[in-house]
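Residue numbers (the numbering used here): 823 to 1678.
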């Protein structure tokens, strides 16, 4: 829409051009209907424009919203047809009813159909009341015209054969105004403007009908012009009404479909009702008596009003009963609910509280209170509560705050807010979460705390390592020397007491902002703030303190510690942990009670300065493929292993290669290369069933950007996402950053499958199934049969297969070294088998040869 009037430009142009056309056509159109009726041809063009404009808007509407406007579109099309017939085939003069008049009245009646369909969209529409209201307005208008002796009801000057047509035009005007006034006075908020404009359109039609009747009674170009102009405005008012309608179905809640009164419709109804006494008074002032027809009409109006009043009284009583019943139902529902409900105003004063809410807020149970919500909230939470409630719209975020209930009872509440439309009130839905939050904190503490020493555990350590810090930090990893003797000599209870004493001593060495954690067994870690040199000093103090005698019960032990130190600045927490662990191993090799710094005296398997790009360019980096076969021996999946065929150090593969790449800071590049190379190799195989698994080894995964790397590898190779499997262990999840799980989920959403390796060896199998959307699990039979108890391992495998089938998981039995073990694994239900008994360490060419040699 354009301009300040809010009327579409096409309507303004159509009205302007129509008026210009009528200005030229009316003088050449005889008022008595003889000769060519050029004005009717102009109106046919205006009606055609109406059909086109409304149809264009209907196409953008939902089917339910468009239904009322189809009726008016058909009516405009019929009106256009009637005008074309009347304009192109004129009679000698007014000749009574013809086919064009029949079509005209059919089209002119369509606005009432549209008004009725709009009225259906109002909640609890009372059709009996609408019919009575329309009848009252119609009869009242007829009474007014009769009392005033207008030609519309007294066409004495009209030709005898046309008096019926004049009366029809007058009755049509009264019926249309009465129907529109009854049907469109009340509508919904979304349709109120459309309904109001429809009243205007019907008013224009009524004016046109009255002018047409007067043109028959007293032929004059003035009446013809008034009729034509009214029709043109009425047709374009229809377009404006359709343009004002919402394109989609408005919200169907009770408030959205509640009745809304149109002032123009109300004015029409009121004026029609007031017109009767005013007309009678005017007639009496001029000494004219009221005719019998007027008396009958007045009696009908009064009778209809009496019936309508009775209906109104009954409806008001029913509405009152409904309101009382609904209030009782909702009050009973609110008061019996365990959740609290409170209503506050814009200043957060409590206007209503349910019994549950009063108990949660610490208010008197009798419900008499005059308090502000903020006064009940703990001072530390008040600003946050005010900001959240005042700034949140309907259905805002969940708010947690504490309230003082008196006598030291501080409760924790969870609240959601809804805004009451058209009001400054807000409804708060309260829930007492004191117990739940307490349990959550306890569970969190337990999840991140070692139960023996009360120190942070491994999970808490890795969260701390992943967190950014404004100052340099270092990681100390330490292992007790001679701890095994404590358990062997004094027992495990004494060993536990010694570990508690170690934890106490470590806390005495570090600062308050440092972190001491227990990794498990007799391994601990310390995160200290400062440079590598300062960390080395702390490590030496640790050695000194822990080297002092430990007294446990009646025993005294000399237990020391070896420490590895690494900086957290270089490559992040995971790399620092691996470097500190390597330094610890070097320290233990050097002797008890030693401290070693990462990068000092730690031998590498390959020389430093590894140039991964150069090695790849020279062709020394390749992938070897280990096959996993189904029960019939068909290869369904291959595991891609990175291999470096080094001229001096020989062939390095798998974990050795990952470890060297990690120490030289190239693990991310190795991961990217392996993903792409594995996809390229398998995409070139003749069998498109073959999938490829790429392992994400623990301690070497670069989580950030993993999904993007996978997408790039698939795009570059053209491999279908379902043919790529990302394999990882539970240790991978524990030692990687928090970004790994979201990255895996993002990759899986593209069609990539996820495999949990070493399934059955972790601590929380079903928790992992709930946490990670897995597709494949791999069970290492060699690890399960650690005591060569193959039968027992196969029983465990069968149990795992049964549970995995409930989750629609593909199971791979790994560690298959013999044909007998392969057959047993297949009998246990494994979908695929993998190990030395199957093709392994294959080049791509060798694998292609195997696939070609074994059809299917």
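The beta-carbon is built from N, C-alpha and C at its ideal position, and this holds for glycine as well.
Sequence-distant residues of the same chain with beta carbon closer than 6 angstroms to residue 1168, five excluded per side: Residue 1168 sits at position 346 when you count from the first residue of the chain shown. So the qualifying residues of the chain are 1246.
contact_flag[the region 922-935, the region 899-906] where n(CB pairs < 8 angstroms) is 3 or more: yes
Collapsed DSSP secondary structure at residue 1138 in the structure displayed: For the purposes of this step, residue 1138 is taken as residue 316 along the chain shown, with counting starting at 1. In this structure, residue 1138 counts as helix in the three-state DSSP scheme.
Sub-9 angstroms separation of residue 1252 and residue 1161 beta-carbons: Numbered from 1 along the chain shown, position 430 holds the residue referred to as residue 1252. Numbered from 1 along the chain shown, position 339 holds the residue referred to as residue 1161. Result yes, Cβ atoms of residue 1252 and residue 1161 sit closer than 9 angstroms.
Residues bridged to residue 1082 [DSSP beta-bridge criterion]: Counting from 1 along the chain shown, the entry for residue 1082 is found at position 260. Bridge partners of residue 1082: 1009.
C-alpha gap between residue 1009 and residue 1290, whole angstroms: Position 187 of the chain shown, counted from the start, is the residue given in the question as residue 1009. Position 468 of the chain shown, counted from the start, is the residue given in the question as residue 1290. The straight-line gap from Cα to Cα measures roughly 60 angstroms.
Euclidean distance between Cα positions of residue 1428 and residue 1464: For the purposes of this step, residue 1428 is taken as the residue at position 606 of the chain shown. For the purposes of this step, residue 1464 is taken as the residue at position 642 of the chain shown. Unreliable placement is indicated for residue 1428, whose pLDDT of 49 sits below 50; the coordinate value is still reported in the next sentence. Roughly 15 angstroms separates the two Cα atoms.
Pairwise C-alpha distance: residue 1349 and residue 1297: For this step, residue 1297 is matched to residue 475 along the chain shown. For this step, residue 1349 is matched to residue 527 along the chain shown. Near 5 angstroms, if we compare the C-alpha coordinates of residue 1349 and residue 1297.
Which of helix, strand or coil DSSP assigns to residue 1544: Position 722 of the chain shown, counted from the start, is the residue given in the question as residue 1544. Of the three classes helix, strand and coil, the one that applies to residue 1544 here is helix, per DSSP.
Proximity winner among 1616, 1177, 1642, 1299, relative to residue 1364 (alpha-carbon distances): The residue labelled residue 1364 in the question sits at position 542 within the chain shown. Measuring from the Cα of residue 1364, the nearest candidate turns out to be 1299.
Simplified DSSP assignment, three categories, for residue 933: As a working note, residue 933 is residue 111 in the chain shown. Helix at residue 933.
The ligand ADP heavy atom lying under 8 angstroms from the CB of residue 939: This structure lacks the ligand ADP; in fact it carries no ligand of any kind.
Element boundaries [beta strand (DSSP E), containing residue 1505]: Walking along the chain shown from the start, residue 1505 turns up at place 683. Here residue 1505 belongs to no beta strand (DSSP E); instead the alpha helix (DSSP H) covers 1489-1505.
Distance between residue 938 and residue 1129 (C-alpha atoms, nearest Å): Taking the chain shown and counting its residues from 1, one reaches residue 1129 at position 307. Taking the chain shown and counting its residues from 1, one reaches residue 938 at position 116. Distance between the alpha carbons of residue 1129 and residue 938 is about 21 angstroms.
Supposed contact pair residue 1003 and residue 959 - C-beta distance, whole angstroms, cut 8 angstroms: Working through the chain shown from its first residue, we reach residue 959 at position 137. Working through the chain shown from its first residue, we reach residue 1003 at position 181. Residue 959 to residue 1003, Cβ: 5 angstroms. Contact.
Buried versus exposed, by CB contacts within 10 Å (16 or more), residue 813: Residue 813 lies beyond the range of the chain shown here (823 to 1678); nothing can be said about it.
Reference residue 1272, options 1199, 1232, 1346, 1310, closest by Cα: Start at 1 with the first residue of the chain shown, and residue 1272 comes out as number 450. The residue with the shortest Cα to Cα distance from residue 1272 is 1346.
Length of the line joining the Cα atoms of residue 1581 and residue 1264: To locate residue 1581, count along the chain shown from 1; it is residue 759. To locate residue 1264, count along the chain shown from 1; it is residue 442. The alpha-carbon atoms of residue 1581 and residue 1264 are separated by roughly 29 angstroms.
Same chain, Cβ closer than 7 angstroms to residue 1585, neighbours up to 5 away in sequence not counted: Translated into positions along the chain shown, residue 1585 becomes position 763. Caution is warranted here: a pLDDT of 42 is assigned to residue 1585, below 50, making its placement in the model unreliable, and the coordinate value is therefore given only provisionally. Once the five neighbours on either side are set aside, residue 1585 has no close Cβ partner at all.
Helix, strand or coil at residue 1655 according to DSSP, with G and I counted as helix: Along the chain shown, read from residue 1 onward, the residue named residue 1655 stands at position 833. Residue state, collapsed to three classes: strand.
Strand pairing of residue 1194, partner residues [DSSP]: Position 372 of the chain shown holds residue 1194. Partner(s): 1171.
Span of the alpha helix (DSSP H), counted from its first residue to its last, around residue 1314: As a working mapping, residue 1314 is identified with position 492 in the chain shown. First-last of the alpha helix (DSSP H) with residue 1314: 1314-1331.
Nearest residue (CA-CA) to residue 1486, options 1522, 1498, 1563, 1123: Residue mapping note: residue 1486 aligns to position 664 of the chain shown, counting from 1. Considering only alpha carbons, the answer is 1522.
For residue 1339, the three-state DSSP class (helix, strand or coil): As a first step, residue 1339 is located in the chain shown; it is residue number 517 there, counting from the start. It is a strand residue.
Sufficient close CB pairs (3 or more, under 8 angstroms) joining the region 1174-1184 to the region 1131-1141: no
Residues near residue 953 in its chain [Cβ-Cβ closer than 7 angstroms; skip 5 each side]: Here the question's residue 953 lines up with position 131 in the chain shown. So the list is empty, once near-sequence residues are dropped.
contact_flag[the region 1055-1068, the region 876-895] where n(CB pairs < 8 angstroms) is 3 or more: yes
Inter-residue spacing [alpha-carbon to alpha-carbon] between residue 817 and residue 1198: Look at the range of the chain in this structure, 823 to 1678, and you will see that residue 817 is not part of it.
Own chain, CB closer than 6 angstroms to residue 883, minus 5 neighbours either side, in chain order: Position 61 of the chain shown, counted from the start, is the residue given in the question as residue 883. So the qualifying residues of the chain are 1069.
9 angstroms Cβ cutoff met for residue 1063 and residue 1115: The residue given as residue 1063 occupies position 241 in the chain shown. The residue given as residue 1115 occupies position 293 in the chain shown. No, Cβ-Cβ distance for residue 1063 and residue 1115 is not below 9 angstroms.
DSSP three-state assignment for residue 1383, whether helix, strand or coil: As a first step, residue 1383 is located in the chain shown; it is residue number 561 there, counting from the start. Here residue 1383 sits in strand by DSSP.
Supposed contact pair residue 1448 and residue 1645 - C-beta distance, whole angstroms, cut 8 angstroms: Residue numbering aside, residue 1645 sits at position 823 when the chain shown is read from its first letter. Residue numbering aside, residue 1448 sits at position 626 when the chain shown is read from its first letter. That belief does not hold up - the Cβ atoms of residue 1645 and residue 1448 are roughly 20 angstroms apart, past 8 angstroms.
Where residue 829 sits in the DSSP three-state scheme: As a first step, residue 829 is located in the chain shown; it is residue number 7 there, counting from the start. Of the three classes helix, strand and coil, the one that applies to residue 829 here is coil, per DSSP.
Distance, residue 1576 Cα to residue 1220 Cα: As a first step, residue 1220 must be located in the chain shown, where it is residue number 398. As a first step, residue 1576 must be located in the chain shown, where it is residue number 754. The straight-line gap from Cα to Cα measures roughly 34 angstroms.
Beta-carbon contacts of residue 1017 that lie in its chain and below 6 angstroms, excluding the five residues immediately before and after: Position 195 of the chain shown holds residue 1017. Hits under 6 angstroms: 940, 1006, 1009, 1084.
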